[in-house]
Amino acid sequence: MKLAQIKIMLDAEVLCGIEWLDREIKSACGADLMSDVLAFTKENGLLLTGLTNIQVIRTAEVSDLVAILFVRGKRPGPEVVAMAKNMQIPLLSTRKQMYEACGLLYQDGLAGCTLKEEPFCCRDKE
Numbered sequence: 708m709k710l711a712q713i714k715i716m717l718d719a720e721v722l723c724g725i726e727w728l729d730r731e732i733k734s735a736c737g738a739d740l741m742s743d744v745l746a747f748t749k750e751n752g753l754l755l756t757g758l759t760n761i762q763v764i765r766t767a768e769v770s771d772l773v774a775i776l777f778v779r780g781k782r783p784g785p786e787v788v789a790m791a792k793n794m795q796i797p798l799l800s801t802r803k804q805m806y807e808a809c810g811l812l813y814q815d816g817l818a819g820c821t822l823k824e825e826p827f828c829c830r831d832k833e
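Start counting the sequence shown at 708; every next residue gets the next number (our numbering).
Laid out in structure tokens, this is it:
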């Protein structure tokens with residue numbers, strides 16, 4: 708799914724990176740815990756979050772995420788937007804709640820994020 712389609716579907720505003728709306732999104736992850744983002748996302752994914760701090764941008768870069776969508780009408784400060792522009796990470800904002808935004812994306816066929824590796828607690832004991 709193209710980021711431009713997601714923008715339309717979620718009635719989102721582009722905060723930066725309008726020139727990158729043709730990027731392909733393979734999956735989405737809704738999270739406010741950046742440790743969950745690091746553990747559960749796959750590259751070429753979209754992060755939906757209510758956090759607007761600089762750590763969100765750093766986490767997206769480390770995780771090879773394609774874009775960040777802020778929910779509940781949240782908007783990051785100018786330093787966060789500047790860092791995202793520099794790292795070529797598009798930022799969007801929607802007034803929708805995270806639950807609704809994730810549900811709409813899932814309903815339209817966008818895959819959810821999955822574990823990169825099975826957690827230790829769930830591995831077969833030998």
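Ideal Cβ positions, reconstructed from N, Cα and C, are used throughout, including at glycine. Nothing here was measured: the structure is a model prediction, and the numbers come from that model.
Quick one: Cα of V787 to Cα of Q814, how far?
30 Å
Look at the Cβ atom of V744, then the Cβ atom of G757, and state whether they are nearer than 8 Å.
no
Closer than 8 Å to chain D by CB, I715:
Absent here is chain D; the protein component of the structure consists of one chain.
Note down, one range per segment and in chain order, each beta strand (DSSP E) of at least 3 residues found wholly within the segment 750 to 814.
752 to 756, 774 to 777, 798 to 800
May I ask which residues mark the beginning and end of the alpha helix (DSSP H) holding L710?
710 to 716
Hey, out of L776, M794, A789, whose CA is closest to M805's CA?
L776
Let me confirm a value: G816 is counted as buried when at least 16 other C-beta atoms fall within 10 Å, else exposed. Which label applies?
exposed
Considering only the alpha carbon of each residue, which of M741, D729, E807, K749 lies closest to L772?
K749
Taking all protein chains shown into account, decide if M741 is buried (16 or more other Cβ within 10 angstroms of its Cβ) or exposed.
buried
Alpha-carbon to alpha-carbon, L812 and P783:
22 Å
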